[in-house]
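*Asks:* Got a structure for you, written out below as structure tokens; questions coming shortly.
Number of protein chains: 2
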Amino acid sequence: MSKFVYAFGVGKADGDGSMKELLGGKGANLAEMTSIGLPVPPGFTLTTEVCTAYYDNKHAYPDSLAAEVDQALKVLEQRMDKTFGGSENPLLVSVRSGARASMPGMMDTVLNLGLNDQTVQGVIKQSNDPRFAYDSYRRFIQMYANVVKGMNGEVFAKILVQKKEEKGVELDTELEADDLQQLVKEFKASYKEHLDEDFPEDPMQQLWEAIGAVFGSWMTPRAVTYRKLHGIPSDWGTAVNVQGMVFGNMGDDCATGVAFTRDPATGENYFYGEYLVNAQGEDVVAGIRTPQPINLAKHKEGDLPSMEEVIPEGYAQLVKIREILEKHYKDMQDIEFTVEKGKLYMLQTRTGKRTAQAAIRVAVDMVAEGLITEREAVLRVEPEQLDQLLHPSLDPNAEKNVIARGLPASPGAASGQVVFTADEAEEQNRLKKKVILVRIETSPEDIHGMNAAQGILTARGGMTSHAAVVARGMGKCCVSGCGEIKIDYEKQQIKTKSGEIVKRGDYITLDGSAGEVMLGVVPKVEPEVSGNFATFMGWADKFRRLKVRTNADTPHDSKIARDFGAEGIGLCRTEHMFFEGDRIQAVREMILAENVEGRKLALDKILPMQKGDFIGLFREMKGLPVTIRLLDPPLHEFLPQNDDDISELANVVGIRFSEVKEHVANLHEFNPMLGHRGCRLGITYPEVYDMQVRAIMEAACELVKNEGFKIIPEIMIPLISHVNELKILRANAVRVAEEVCADYGIKIDYLIGTMIELPRAALTADAIATEAEFFSFGTNDLTQTTYGLSRDDAGHFLPEYIERGVLNKDPFIALDQRGVGELVKIGFERGRSTRPGLKVGICGEHGGEPSSVIFCHKLGLDYVSCSPYRVPIARLAAAHAALTDE
Amino acid sequence: MSKFVYAFGVGKADGDGSMKELLGGKGANLAEMTSIGLPVPPGFTLTTEVCTAYYDNKHAYPDSLAAEVDQALKVLEQRMDKTFGGSENPLLVSVRSGARASMPGMMDTVLNLGLNDQTVQGVIKQSNDPRFAYDSYRRFIQMYANVVKGMNGEVFAKILVQKKEEKGVELDTELEADDLQQLVKEFKASYKEHLDEDFPEDPMQQLWEAIGAVFGSWMTPRAVTYRKLHGIPSDWGTAVNVQGMVFGNMGDDCATGVAFTRDPATGENYFYGEYLVNAQGEDVVAGIRTPQPINLAKHKEGDLPSMEEVIPEGYAQLVKIREILEKHYKDMQDIEFTVEKGKLYMLQTRTGKRTAQAAIRVAVDMVAEGLITEREAVLRVEPEQLDQLLHPSLDPNAEKNVIARGLPASPGAASGQVVFTADEAEEQNRLKKKVILVRIETSPEDIHGMNAAQGILTARGGMTSHAAVVARGMGKCCVSGCGEIKIDYEKQQIKTKSGEIVKRGDYITLDGSAGEVMLGVVPKVEPEVSGNFATFMGWADKFRRLKVRTNADTPHDSKIARDFGAEGIGLCRTEHMFFEGDRIQAVREMILAENVEGRKLALDKILPMQKGDFIGLFREMKGLPVTIRLLDPPLHEFLPQNDDDISELANVVGIRFSEVKEHVANLHEFNPMLGHRGCRLGITYPEVYDMQVRAIMEAACELVKNEGFKIIPEIMIPLISHVNELKILRANAVRVAEEVCADYGIKIDYLIGTMIELPRAALTADAIATEAEFFSFGTNDLTQTTYGLSRDDAGHFLPEYIERGVLNKDPFIALDQRGVGELVKIGFERGRSTRPGLKVGICGEHGGEPSSVIFCHKLGLDYVSCSPYRVPIARLAAAHAALTDE
């Protein structure tokens with residue numbers, strides 16, 4: 001027969017910390033603390049199996065439960081030396097739910113259970129404080145009616161207000177014992193009126209009804225929905241914890257406090273905490289009274305008296321407990337304690353939340369202290385947390401006036417004056433003014449302005465819109481897709497949802513990590529990449545298998561990425577090079593050319609520039625692989641769209657306006673994402689790819705010849721949907737590459753591979769791999785096509801989807817493992833099936849997102865590639881993946 | 001040891017018609033004809049295994065081959081009673097390649113092999129015709145040099161021209177025997193000069209070199225490429241056929257002709273053919289002399305004398321052979337024959353090509369004649385052929401001046417005067433003029449003009465562009481995506497690729513089945529759907545398992561489809577109803593509404609109209625299932641785009657121009673195909689779907705109540721990518737449906753299901769099926785997303801892809817079974833895995849394409865749905881699928 005009730009107290013516990021499935025998180029934790037000798041108020045836990053049996057058996061408890069509870073209650077009475085329902089020294093208990101993981105929608109807590117008209121007298125005797133006793137009693141009725149019986153709390157609030165008016169006082173605390181005793185009566189009357197039954201005077205009835213309410217709350221619609229969304233099986237059930245009450249508010253020999261075993265902001269190894277004399281737990285948090293420091297460690301002039309001074313014995317006990325906890329849990333702990341009549345009780349210990357900086361310092365220190373291994377240290381820091389360290393961020397203590405929310409497109413924080421054009425951003429930057437560039441959306445023509453601005457705010461576009469991608473590449477803060485604001489270029493102003501107007505020149509602050517827009521200048525803190533950071537990342541690198549490359553198009557970005565630990569370039573987007581300065585002109589000439597010859601003339605102008613770009617990249621990435629993607633976007637992206645710009649272009653190239661305009665119109669596409677781009681351009685205009693391959697190979701040959709280092713360029717052909725495309729383009733590329741090698745008289749090893757970014761490419765990867773020496777999963781486009789979801793248009797509904805839980809996560813941020821991930825798996829396995837040595841990586845934005853990196857590791861990919869500023873995050877995620885995969 | 005040479009002749013053959021793999025198509029066919037007693041000139045076949053061995057063994061023949069050929073040649077000499085290389089009665093042979101399937105790039109034919117300076121004397125003796133002998137000889141040298149030795153034929157043509165000039169004659173036939181004898185010498189001299197070797201006088205050398213040339217041609221680049229593109233393994237090899245020559249041009253007791261055992265145009269059961277006295281096979285086809293009818297069956301005044309009259313014995317023999325052939329092959333045959341000195345020889349028989357009309361008549365007649373079964377009859381007609389019967393088509397004999405080619409978007413043929421606006425099309429139509437509407441692209445606002453026009457021509461848009469879909473729905477001819485032409489609305493003219501100008505009012509003709517645009521009016525033939533058609537389709541229906549539904553949005557289309565045999569509606573696109581007349585106004589009000597209440601007010605206006613639509617559909621489809629897809633396109637499709645129209649709309653709805661314009665701008669999408677559409681609208685604007693569900697259910701309730709027939713509406717939710725979307729929308733739909741049923745006091749069975757049209761939906765179909773009672777694969781969108789290919793933009797490169805063989809077929813026409821098909825399979829299997837009874841069909845354009853229909857049958861789907869005019873094609877394809885799947 002199963003055991004349904006597990007007791008704990010006075011150093012003994014039936015369970016322990018490993019029994020979360022049976023006792024729930026809270027129950028297991030209380031048992032663990034008890035058994036390592038901490039002074040935990042005794043109690044007992046009804047197991048999750050009771051809950052399961054209850055639902056399996058039409059809301060009936062197992063036969064043996066009542067007897068087990070009676071027995072546990074007896075033990076509890078002995079351990080507390082109090083009597084449940086007793087009128088001399090009554091035992092009061094708390095009743096709490098405790099599932100394996102904390103779960104909204106579940107019944108939370110009932111305190112002071114056991115109070116009735118008799119036992120309240122006992123409390124008065126013990127505490128010598130009738131006010132305390134009746135206040136506890138009326139609170140109990142209120143909590144019981146609301147939590148156990150589902151009665152609206154407003155009813156009691158009204159009675160309380162009436163009572164205060166009647167007495168002519170303003171604060172609850174001004175009510176006296178008699179008033180509160182009167183309130184108890186009135187509360188009970190209201191209870192009966194609303195629930196059509198008397199308030200239960202029998203403590204056993206109170207207890208069983210509270211237990212029943214916990215089990216009942218397991219099946220509330222909110223709890224059911226939450227479990228469905230989070231994939232928690234309903235047969236897990238919840239446990240119920242019944243624990244003896246202790247009071248920090250029974251007099252001046254009582255106190256309550258919270259503490260961290262180390263400083264959670266910096267990680268420094270000293271005991272950090274606050275407490276209050278004669279107070280309840282809520283008082284410390286609520287901020288009505290100013291909490292006092294627990295010790296003198298960081299004493300400052302004017303500090304209130306510390307616990308170390310006021311309750312030296314209690315504090316000494318607490319210091320011992322701190323040591324025990326750190327040795328036991330081997331991590332920084334966040335604790336709650338109460339001193340009742342001079343005796344210390346531990347109510348809670350859990351892993352303490354901390355800043356990224358603290359996380360790294362604690363991890364590195366604990367290795368030095370011999371508490372944990374390097375391997376454990378690496379697992380202690382969440383990869384995503386590192387983001388805090390790699391960009392300036394808002395001072396967490398600063399006040400902020402958030403006027404709009406958009407997508408957290410590129411992390412960091414920035415303040416500046418609002419400007420609406422790239423040209424003005426550049427102009428103001430020259431005048432040493434700090435500006436935020438605000439655009440409905442950005443285009444390649446805005447790049448100089450984005451570069452000049454402190455940060456970028458756009459009304460349209462998703463996490464991978466032009467603004468977002470470019471900003472991340474620049475390491476510049478960006479909030480994109482901020483559909484709440486209306487941008488009026490004519491009036492040079494922004495209108496927020498609430499009607500607020502922000503004009504050109506007004507200061508705003510962006511938080512690109514949170515997607516927030518604030519009015520004015522909000523103070524910031526600079527990133528601190530301390531020596532501990534380097535030590536820590538070194539450990540991470542020791543454990544990971546997955547390589548981490550970067551997406552970079554310029555020597556500047558490449559250098560940043562290499563400093564952050566990138567092991568090569570996984571994606572160089574050559575089209576970004578096409579936009580710069582004098583090149584765009586030649587590119588446009590190429591596009592407007594009537595025939596192949598005309599195109600070749602224009603391409604001849606671009607060739608030396610592209611070659612120069614590649615020389616720069618190869619030098620910066622000396623000794624590391626560099627994957628270069630051939631031209632990908634549709635040609636119309638390179639042409640101007642409005643009449644003025646078209647007219648200007650017509651003048652420059654000496655073609656009639658109407659002809660240029662017709663060309664622009666002819667290139668228009670309904671769905672450019674699915675249009676004439678990628679390898680489709682390579683098939684219809686082979687001379688473009690030929691030029692690019694020539695530039696790559698000439699750059700490589702010159703460096704090998706003149707600077708003598710080894711280069712293995714990886715030429716990547718985008719948007720393949722059918723092996724025949726790659727067959728043709730591979731043959732073209734090989735021909736050009738061999739020509740160049742022959743011209744230079746040098747043998748260069750080069751690889752030719754492809755992006756796998758369309759579902760069909762993944763499905764036919766076995767065929768495609770016969771022509772590809774490497775695959776790089778372009779998970780951005782693969783997500784777009786698999787979901788049928790345009791990144792740039794998703795802003796119209798995706799935020800609502802996430803908010804309502806239609807989708808758990810934005811699939812452009814975290815790889816959708818179920819759908820897109822299956823295609824990656826299929827592509828990977830089929831590719832390797834025909835070419836066992838196939839090199840495989842991913843180069844979508846997901847390459848820097850921890851859960852996606854872990855997925856790539858598990859699949860067995862060779863590398864991930866991400867933007868420079870996310871390289872450390874990917875490195876750490878890869879280490880986590882390797883360590884948890886053993 | 002393998003046998004490498006198979007002989008045939010005088011009623012005996014080593015092989016038979018089933019041995020195509022070993023003997024090639026031609027060799028097997030010659031063996032078969034021989035063994036059923038037809039007078040075939042004897043010969044022998046070197047098997048495909050010789051070819052394979054030749055390549056496996058470094059271009060060496062199997063050891064035993066030479067002896068086998070010698071032996072076969074001896075038998076051939078006996079059978080022909082002639083001697084190879086003999087100077088009295090020499091045997092001449094033809095040498096031909098013969099792979100399993102005919103294959104371009106392979107060596108074709110060498111005739112008259114065996115001729116040399118000795119044997120030519122024998123031919124003179126036998127034929128008493130030196131001119132014939134030397135003409136044959138010089139032709140042989142020419143053919144041998146060209147086909148076997150790869151010499152340029154121009155060289156000999158020049159010598160021939162010189163000779164004619166020298167002799168002062170114009171025609172080859174005016175040259176005399178001496179001239180030709182002289183030519184033989186000159187040809188040989190030229191042969192030696194170019195090839196640096198003597199022309200081989202030894203017939204055995206001639207024979208082996210010709211055999212070697214056939215095997216060599218198996219590996220020419222053209223043949224290799226062809227095999228790769230068509231997936232023919234190179235180890236299939238080719239056979240070589242060596243056959244005794246017979247001559248139809250040796251005098252007036254000689255003749256040659258071609259015939260069909262029935263009329264290939266109408267299928268009528270009479271012997272149809274043509275012949276020429278004293279002629280070679282080419283002469284009949286080349287049209288230099290007018291061929292004469294073989295019989296008097298369809299005698300007309302002025303006909304030349306028939307073979308029946310001129311060579312009555314030969315004709316009587318031929319009539320017998322006709323009977324033997326039809327009995328043996330059980331199909332209409334296309335034959336070639338030669339009469340040499342009064343003796344009839346059969347050179348070829350093969351299944352005769354025929355029109356659709358003939359195909360059906362032959363099949364139905366042959367069943368009546370007891371020649372074939374109904375099952376065989378059904379398999380005799382290619383489904384795609386039926387298309388000819390269902391639309392008017394160009395007279396195959398008419399001359400046509402094709403000025404441009406586009407996509408065959410909607411079949412049929414039409415002529416009319418060019419107009420450039422929908423309004424003018426309507427205006428001209430009122431004046432009883434026939435017009436072709438020419439647009440760069442069409443939009444819903446053009447529908448009245450499309451309806452008024454005979455046909456539609458667009459410069460942009462694919463097979464499923466607006467123009468194409470609407471035209472197919474109307475059964476109206478359409479050529480879309482004709483990117484070759486430039487349409488100038490201002491000048492009211494079209495400019496073709498070759499610079500031709502077609503002005504407004506000029507007549508053009510469209511062939512929507514071929515995608516061709518012709519100048520002027522080309523004569524057409526009307527569809528003939530005879531009683532045989534009905535009989536034939538009845539048989540098809542007996543055998544098929546797959547149901548065939550139609551895509552129809554109006555009672556009119558539904559009626560056509562039902563007449564064509566549709567078994568329900570598989571896709572009713574409700575948005576088409578939104579565009580009509582007064583509705584578009586209410587729809588626009590709905591879109592412009594500021595909030596839910598405003599939208600509901602507008603929707604209230606639309607509700608009764610939508611309900612009326614559904615009542616019409618349900619009535620027309622009485623007793624059959626009707627699947628109704630809720631609103632799918634993005635809202636901006638319903639709004640005007642240019643300032644004038646926006647201004648007009650602003651006036652009508654009483655909103656400021658700038659506000660309407662802002663609304664239009666806000667709804668703009670970069671990639672509408674991947675944007676805020678389908679179920680995403682249903683999630684963000686639930687009131688729209690609620691209205692539609694209400695209209696469907698109210699229509700059903702009223703009909704059940706008032707007209708008493710049974711209706712099972714199938715409500716289809718589009719563009720699902722995640723089960724959560726369907727969960728929410730299903731719940732909404734059920735709520736509304738139950739409300740309506742309660743209001744009417746009626747219980748209606750209805751199904752709620754979804755389109756599977758995104759890769760992610762297919763991949764997660766197991767989850768989605770938990771919320772769906774049926775799946776309909778939207779293979780149009782699934783193809784777009786799987787390939788990352790926009791139908792509307794594919795015109796920029798897809799035609800080039802098909803032309804160059806990058807893709808074998810347009811994936812929007814024939815389902816891409818390898819890629820898209822795998823997703824359909826995955827979706828189907830996973831869907832059925834969680835809901836075994838799940839009803840599954842497809843409703844993309846592929847539902848009417850035979851290879852795709854067969855694919856759906858094999859997969860086990862329940863139905864396909866296609867446009868009304870393709871329903872019979874789908875029915876027949878489904879029958880084929882069932883019959884070939886047994």
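As you go down the protein sequences, you meet chains A and B in turn. Mapping the first sequence onto full-length UniProt numbering, position 248 (from 1) lands on 248, and the numbers just tick up by one. Mapping the second sequence onto full-length UniProt numbering, position 512 (from 1) lands on 512, and the numbers just tick up by one. Note that the Cβ used here is the ideal one computed from N, Cα and C, for glycine as well. This structure is a prediction, so every number in the text was calculated from the model and none was measured.
Please list the segments of the beta strand (DSSP E) lying wholly inside the UniProt domain "PEP-utilising enzyme mobile" (432 to 515) of chain B, counting only runs of 3 or more residues, in order along the chain.
*Replies:* Counting only runs of 3 or more, we get 435 to 439, 455 to 458, 477 to 480, 486 to 488, 493 to 495, 501 to 503, 507 to 511.
*Asks:* Taking C-alpha atoms, which residue in A:482, A:444, A:260, A:666 lies nearest to residue 458 (chain A)?
*Replies:* Here residue 458 (chain A) is taken as the residue at index 458 of the first sequence, counted from 1. Residue A:482 is the option with its Cα nearest to residue 458 (chain A).
*Asks:* Between B:642, B:678, B:329, which lies nearest to residue 371 (chain B) when the distance is taken from Cα to Cα?
*Replies:* Here residue 371 (chain B) refers to the residue found at position 371 when the second sequence is read from its first residue. Taking only the C-alpha atoms, the option nearest residue 371 (chain B) is B:329.
*Asks:* With 7 Å as the limit, tell me which residues of the segment 659 to 676 of chain B have their beta carbon closer than that to any beta carbon of chain A; keep them in chain order.
*Replies:* From the segment 659 to 676 of chain B, only 669, 670, 671, 672, 673, 674, 675, 676 have a Cβ closer than 7 Å to chain A.
*Asks:* Below 7 Å CB to CB, which residues in the same chain sit around residue 871 (chain A) once its five sequence neighbours on both sides are set aside?
*Replies:* Stepping through the first sequence from its first residue, residue 871 (chain A) is reached at position 871. Answer for residue 871 (chain A): 548, 550, 561, 564, 565, 566, listed in chain order.
*Asks:* What residues are listed by DSSP as bridge partners for residue 90 (chain B)?
*Replies:* In the second sequence, counting from the first residue as 1, residue 90 (chain B) sits at position 90. Answer by DSSP bridge pairing, in chain order: B:83.
*Asks:* Which ranges does the beta strand (DSSP E) cover as unbroken runs of at least 3 residues, wholly within the segment 121 to 180 of chain B, from first to last along the chain?
*Replies:* Complete beta strand (DSSP E) runs here, min 3: none at all.
*Asks:* What residues of chain A sit near residue 787 (chain B), judged by a beta carbon separation below 7 Å?
*Replies:* The residue given as residue 787 (chain B) occupies position 787 in the second sequence. Simply 721, 758, 760.
*Asks:* Tell me, please, which residues DSSP counts as bridged to residue 327 (chain A).
*Replies:* Position 327 of the first sequence, counted from the first residue, corresponds to residue 327 (chain A). In the DSSP output, where bridge partners are listed per residue, residue 327 (chain A) has none listed.
*Asks:* Can the beta-carbon of residue 184 (chain A) be found closer than 7 Å to that of residue 44 (chain A)?
*Replies:* Counting from 1 along the first sequence, the entry for residue 184 (chain A) is found at position 184. Counting from 1 along the first sequence, the entry for residue 44 (chain A) is found at position 44. Cβ distance not < 7 Å, so residue 184 (chain A) and residue 44 (chain A) don't count as in contact.
*Asks:* Grab me the residues of residue 201 (chain B)'s own chain with a C-beta within less than 6 Å of its C-beta, minus the 5 sequence neighbours each way, in chain order.
*Replies:* Position 201 of the second sequence, counted from the start, is the residue given in the question as residue 201 (chain B). For residue 201 (chain B), where only same-chain residues beyond five positions count, the Cβ hits under 6 Å are 116.
*Asks:* Buried or exposed: residue 358 (chain A), going by 16 or more other Cβ atoms within 10 Å of its Cβ?
*Replies:* The residue you call residue 358 (chain A) lines up with position 358 of the first sequence. It counts as buried.
*Asks:* Report the neighbours of residue 764 (chain A) on chain B: residues whose CB is nearer than 7 Å to its CB, in chain order.
*Replies:* The residue given as residue 764 (chain A) occupies position 764 in the first sequence. By Cβ distance, chain B contributes 818, 819.
*Asks:* To be precise: take each residue of the segment 769 to 785 of chain B, compare its Cβ to all Cβ atoms of chain A, and keep it if any distance is under 8 Å. Which residues remain?
*Replies:* Result list: 781, 784, 785.
*Asks:* Give the range of the alpha helix (DSSP H) segment to which residue 882 (chain B) is assigned.
*Replies:* The sequence position of residue 882 (chain B) within the second sequence is 882, counting from 1. First-last of the alpha helix (DSSP H) with residue 882 (chain B): 871 to 884.
*Asks:* Which two residues bound the contiguous alpha helix (DSSP H) that contains residue 667 (chain B)?
*Replies:* Taking the second sequence and counting its residues from 1, one reaches residue 667 (chain B) at position 667. Segment 657 to 667, the alpha helix (DSSP H) holding residue 667 (chain B).
*Asks:* Out of B:114, B:455, B:495, B:302, point me to the one whose CA is closest to residue 404 (chain B)'s CA.
*Replies:* One-based indexing of the second sequence puts residue 404 (chain B) at position 404. Comparing Cα positions, the closest option is B:495.
*Asks:* Any Cβ of chain B within less than 7 Å of the Cβ of residue 230 (chain A)?
*Replies:* Within the first sequence, numbered from 1, the residue matching residue 230 (chain A) stands at position 230. No, residue 230 (chain A) lies away from the interface with chain B (no Cβ there is under 7 Å from its Cβ).
*Asks:* Should residue 91 (chain A) be labelled buried (16 or more other beta-carbon atoms within 10 Å of its own) or exposed?
*Replies:* Position 91 of the first sequence, counted from the start, is the residue given in the question as residue 91 (chain A). Residue 91 (chain A) is buried by the Cβ-count criterion.
*Asks:* So that I know if they touch, is there some Cβ in chain A lying closer than 7 Å to that of residue 724 (chain B)?
*Replies:* Residue 724 (chain B) sits at position 724 when you count from the first residue of the second sequence. For residue 724 (chain B), the answer is yes, since a Cβ of chain A falls inside 7 Å of its Cβ.
*Asks:* Classify residue 308 (chain B): buried if its beta carbon has 16 or more other beta carbons within 10 angstroms, exposed otherwise.
*Replies:* As a working mapping, residue 308 (chain B) is identified with position 308 in the second sequence. Looking at its Cβ environment, which holds 16 or more other Cβ atoms inside 10 Å, residue 308 (chain B) is buried.
*Asks:* Where residue 262 (chain A) and residue 394 (chain A) are concerned, what is the direct C-alpha to C-alpha distance, given to the nearest angstrom?
*Replies:* Taking the first residue of the first sequence as position 1, residue 262 (chain A) is located at position 262. Taking the first residue of the first sequence as position 1, residue 394 (chain A) is located at position 394. Rounded to the nearest angstrom, the two C-alpha atoms are 23 Å apart.
*Asks:* Apply the 10 Å Cβ neighbour rule to residue 698 (chain B) and answer buried if 16 or more other Cβ atoms are within range, or exposed otherwise.
*Replies:* Your numbering for residue 698 (chain B) matches position 698 in the second sequence. Answer is buried; the Cβ neighbour count reaches 16.
*Asks:* What does residue 276 (chain B) pair with, by DSSP beta-bridge criteria?
*Replies:* For the purposes of this step, residue 276 (chain B) is identified with residue 276 of the second sequence, where counting begins at 1. B:256.
*Asks:* Closer than 8 Å by C-beta to residue 98 (chain A): which residues in its own chain qualify, once you throw out the five before and the five after it? Chain order, please.
*Replies:* What you label residue 98 (chain A) is simply residue 98 of the first sequence in a count that begins at 1. So the list reads 23, 24, 25, 26, 27, 45, 238, 239, 240, 241, once near-sequence residues are dropped.
*Asks:* In the structure shown, what three-state DSSP assignment does residue 589 (chain B) receive?
*Replies:* Translated into positions along the second sequence, residue 589 (chain B) becomes position 589. Looking at residue 589 (chain B) - three-state DSSP - the assignment turns out to be helix.
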